[in-house]
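Below is one structure; the comments refer to it alone.
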Amino acid sequence: MMTENVTENYRNKALSLIAKMSLEEKIRMVHGNELFRTGAVERLGIPALTMSDGPCGVRQDFKPSKWEAIGTSRDEVSYLPCNSAIAATFNKEIAYEAGKVLGEETRGRGKDMILAPGVNIKRSPLCGRNFEYFSEDPYLTKKMAVPLIKGIQENDVAACIKHFAANNQETARHEVDTIVDEETLNEIYFPAFKAAVEEANVHALMGAYNKINGEYCCQSNHLLNDVLRNKWNFDGVVVSDWGGVDDTYEAAQSGLDIEMDVTDDFDNYNMAEPLKEAIKNGEISESELDKKLEHILILMQRLHMIGTEARKNGSYNTFAHQQKLLEAAEESIVLLKNEDDVLPIKVKDKEKILIVGENGDKKHAPGGGSAEIKALYEVTPLQGLQMELGGNAEIMYAQGYISGADIAQDSGWQAMSLKDQENKDFDKEYAEKSKSLREEAISMAKEADRVIFIGGLNHDEDKEGYDRKDMSLPFGQAELIAELQKIDPDMIVVMIGGNPCEMQSWVDSVKGMLYMFYNGMEGGRALAEVILGKVNPSGRLPVSFYKRLEDCSAHSNGEFAKKDEVVYREGVYVGYRHLQKAEIDPLFAFGYGLSYSEFEITSGKRKKSTGKTTEISVEVANKGKYAGAFVIEVFKYNPKYDYKELCGFEKVRLSSGEKKQVSFEAEAVDEDKLYIGENYRSISLEV
Ligand code: BGC
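Numbering (my numbering), first residue to last: 1 to 687.
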């Protein structure tokens, strides 16, 4: 945490630099002069600020004024588990370590700011960018985001949390007006941003594209001045989303510091020539501009970009990073079902194992929009299993189904944009290819001793600028799973994605099932380790898995993916909060996840609260035969809204037969009724 004194010194230095600058020089610093870079003032030793996406790693480099990759092997990087996967670890230490990797790689790649993490709340399972976000729960989001930001910023680079605020759908993202009350914002959509500012001292924040209650977020006086700067005392830099500003005057007075955009018309950005002209003719005071420069110059000193202190050099693609990402990936995998202990699988000598499913051998790093990563490598599940099993088993692979984009690639991407007749050919080709892949998988399954299905979604569904239309499992996977189950009733099903899908038609007959959010470069290896029992799964769901889309409040309201205006009628009843109020059973609950071992909370108590926190002390025992980790979850009853909400959690590692007493903090006061358990539906103790 920056001391007052240091900040004061930085402020003084900033003011003395500003006093020496011409209007032209000042203007250069408050808008993109390249797609990911502001302008420098070399005369005064002020460098440009260089940014990069975020959040799954440091993005590849683009040409200064063209969305064209520069095409170098030097921008291949470590690919991190997505934020949903980090959240699924329910382990704050893992979040911190992941942040450290990201910060080191950001600096290692010569950047100053990483446009991450995304801390928006998952309001609907259809939102295309959910994989970039942590959870439907504000407490879990902030508790994971804070250490992650601290980890990033230890490396003399800035984290830039995004997208402030209530950016919860991709449909019409540039213009949709989110109508939401202040109470809901404070309870659900703001807490992670507030904690990032107050607890993690986040250095930068990105405004959202959407409007809130009629005002564009990137130029909203209410959001950026009243809330962020005045209430939360944020003195860092506010960056617009790329193209999120539409008015020079509003942007100038809003608390926004840097305007970024997607076009190469840099001089005509709102905060470029138009701002200069408005200042010259007296419409906007130059002191508004100076405030922005002050924020930017303080940031540059915090990062040791200017000043005399040495700046850390960072590093990327180190073996240490890869190991840390493997640990994160291992802890993020969620065991959803394990009837008859079908998992971990016990492979017999010379066993023939068939992996079915496109996700069995698909690399996800290059997709998703701005979160795309040019990974140094990505281990697919098939590779992971092959690597772990070695020569004693025969691993076969059948793709089984085909996602739309893959066939488009086969026949040239233009196929997607051809006219009617050709579209019919495309559909026909797709149907034929699907059928032959399905038949091949089924016939191979008959020859195999065991089948593992690895499917789910990919970044053609989970991507920026797009929301899924429904929650169905695409590409005929449900039918294929049903067919394969007839051949191998013990078939393990693995779902990979950034969002849950409908599973109702087949889930009851599956005995063993795992869920894995896009899990980074070591994801396939981690999955193999879990399937084979080298790692005991300990992930927990950071979101509700609904049975049907209508069980989600945004959809029962009919208020999602609307184009002009989307009204958050559900208020605070988002995710499992709504499920409790409406008494709806989820398919798998928020906070749910099994283990190969059995854990028991044997006792628990609370101490007197100090301020807003209460110390919880719990004894946990591992009664099973595997070592493993268990997540203790604490919920408090909120009488105003009549639901239990997460207010504390701790992950504990125990060897078989071990008992441990652990203490940790929950966000609760003496009057709060507290429930300790495995999740909000499985409570062991009330304290
Ligand atoms: C996204 C941001 C991203 C920016 C720069 C925008 O389209 O919404 O999250 O950081 O592009 O790539």
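Where is the CB? At the ideal position from N, CA and C, for every residue including glycine. Computed from a predicted structure; not experimentally measured.
Neighbourhood of residue i by C-beta distance below 8 Å, restricted to the same chain and skipping five residues each side
i           : result
residue 101 : 78, 80, 151, 321, 324, 325
residue 622 : 597, 598, 599, 628, 630, 654, 655, 656, 657, 658, 659
Same chain only: Cβ atoms within 6 Å of residue i, ignoring 5 sequence neighbours per side
i           : result
residue 206 : 160, 162, 163, 239, 241
residue 60  : 69, 75, 374
residue 440 : 398
residue 197 : 232, 234
residue 116 : 54, 55
residue 366 : 372
Inter-residue Cα distance where the pair is residue i and residue j
i           : j           : result
residue 57  : residue 677 : 34 Å
residue 374 : residue 39  : 26 Å
residue 191 : residue 668 : 15 Å
residue 450 : residue 496 : 20 Å
residue 28  : residue 199 : 32 Å
residue 582 : residue 188 : 18 Å
residue 419 : residue 425 : In this prediction, residue 419 scores a pLDDT of 47, lower than 50, which makes its location untrustworthy; no coordinate-derived value is stated.
residue 346 : residue 533 : 9 Å
residue 368 : residue 664 : 36 Å
residue 446 : residue 508 : 22 Å
residue 292 : residue 217 : 17 Å
residue 318 : residue 376 : 11 Å
residue 483 : residue 442 : 7 Å
residue 641 : residue 571 : 10 Å
residue 673 : residue 636 : 6 Å
residue 488 : residue 379 : 26 Å
residue 521 : residue 363 : 9 Å
residue 285 : residue 148 : 38 Å
residue 472 : residue 502 : 5 Å
residue 20  : residue 290 : 12 Å
residue 530 : residue 330 : 7 Å
residue 340 : residue 454 : 20 Å
residue 256 : residue 236 : 10 Å
residue 270 : residue 566 : 27 Å
residue 552 : residue 168 : 14 Å
residue 491 : residue 619 : 36 Å
residue 562 : residue 295 : 36 Å
residue 542 : residue 179 : 25 Å
residue 388 : residue 644 : 42 Å
residue 134 : residue 5   : 35 Å
residue 386 : residue 395 : 7 Å
Limits of the alpha helix (DSSP H) - the one that residue i falls within
i           : result
residue 319 : 319-332
residue 163 : Where residue 163 is concerned, there is no enclosing alpha helix (DSSP H), although the beta strand (DSSP E) it sits in stretches over 158-164.
residue 279 : 273-280
residue 643 : Run containing residue 643: none in the alpha helix (DSSP H); it sits in the beta strand (DSSP E), 643-654.
residue 6   : 4-19
residue 23  : 23-28
residue 83  : 83-88
residue 293 : 286-302
Boundaries of the beta strand (DSSP E) in which residue i is found, first to last residue
i           : result
residue 661 : 659-666
residue 688 : Residue 688 cannot be examined here, being either before or after the span of the chain that is shown, 1 to 687.
residue 352 : 352-356
residue 70  : Segment: none, residue 70 is in no beta strand (DSSP E) and carries neither H nor E.
residue 683 : 682-686
residue 579 : Counting along the chain, residue 579 falls outside any beta strand (DSSP E), though it belongs to the alpha helix (DSSP H) covering 576-581.
residue 52  : 51-53
residue 674 : 674-679
Beta-carbon proximity list for residue i, same chain, < 7 Å, skipping 5 on both sides
i           : result
residue 250 : 219
residue 111 : 50, 51, 52, 58, 157
residue 349 : 392
residue 410 : In this prediction, residue 410 scores a pLDDT of 46, lower than 50, which makes its location untrustworthy; the coordinate-derived value is nonetheless stated afterwards. Within the same chain, residue 410 has no close Cβ partners at all.
residue 633 : 591, 646, 649, 677, 678, 679
residue 544 : 136, 575, 576, 579, 586, 589, 590
residue 194 : 232
residue 312 : 107, 155, 156
Cβ-heavy atom distance, residue i to the ligand GTP, below 7 Å
i           : result
residue 370 : Looking at this structure, you won't find the ligand GTP anywhere; what it does contain is the ligand BGC.
For this session: Inspect the CB distances between the segment 61-68 and the segment 277-288 and report whether three or more fall short of 8 Å.
Result: no
For this session: Go through the segment 171-243 residue by residue and report every complete run of the beta strand (DSSP E) that reaches 3 residues or more, in order.
Result: 177-179, 204-207, 237-239
For this session: Mind listing, in chain order, the continuous beta strand (DSSP E) runs of no fewer than 3 residues lying wholly within the segment 456-543?
Result: 492-497, 512-517
Exercise. Does the segment 80-89 come close enough to the segment 128-147 to have 3 or more Cβ pairs within less than 8 Å?
Worked result: yes
For this session: Report yes or no: do three or more beta-carbon pairs, one from the segment 601-611 and one from the segment 520-537, lie closer than 8 Å?
Result: no
For this session: Entirely within the segment 375-399 and at least 3 residues each: give me those beta strand (DSSP E) ranges in chain order.
Result: 394-398
Problem set entry | Continuous beta strand (DSSP E) assignments of at least 3 residues falling wholly in the segment 600-640 | 614-622, 628-638
Problem set entry | At least 3 beta-carbon pairs within less than 8 Å: the segment 120-128 vs the segment 450-466 | yes
Exercise. Of all the alpha helix (DSSP H) runs that stay within the bounds of the segment 115-140, which reach a length of 4 or more residues?
Worked result: none
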